[in-house]
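Down below is the structure, laid out as structure tokens.
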Amino acid sequence: MGSEDSYFRECINCGYQRGFHVYFKEIKDGKARLGLICPSCGQSYDIGWLTADIGEFEPKKEKVYEDH
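For the sequence shown, this note's numbering begins at 5 and goes up steadily by one.
Shown next, in the form of structure tokens:
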């Protein structure tokens with residue numbers, strides 16, 4: 005990446021500065037749109053990324069990680 009300003013970490017809506025959660029939205033043909041959600045205010049951002057083919061779009065619960 006170029007300069008220090010060439011990353012997106014701060015929410016434009018509320019100013020939260022600690023990064024984002026990720027979402028996947030199924031679109032078509034086994035592909036999904038990848039986006040970001042602010043954990044503070046819930047504003048979502050479509051960043052224009054698409055996933056490669058996804059065989060099955062049914063989330064499965066995995067191990068829960070606990071704070072220590």
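Heads up, the beta-carbon is just placed ideally off N, CA and C, and yes, glycines get one too.
In the DSSP output, which residue or residues are listed as bridge partners for residue i?
{"i": "Lys29", "result": "Arg37"}
Does DSSP put residue i in a helix, a strand or coil?
{"i": "Asp50", "result": "strand"}
{"i": "Met5", "result": "Unreliable placement is indicated for Met5, whose pLDDT of 41 sits below 50; no coordinate value is reported for it."}
Contact defined as beta carbons within less than 8 Å: I believe residue i pairs with residue j. What is the distance between those atoms, to the nearest angstrom?
{"i": "Ile51", "j": "Gly39", "result": "6 Å"}
{"i": "Lys29", "j": "Arg37", "result": "5 Å"}
* Do the stretch 16-30 and the stretch 40-53 touch if we need at least three Cβ pairs shorter than 8 Å? -> Per the Cβ contact rule, the stretch 16-30 is in contact with the stretch 40-53 (3 or more Cβ pairs under 8 Å).
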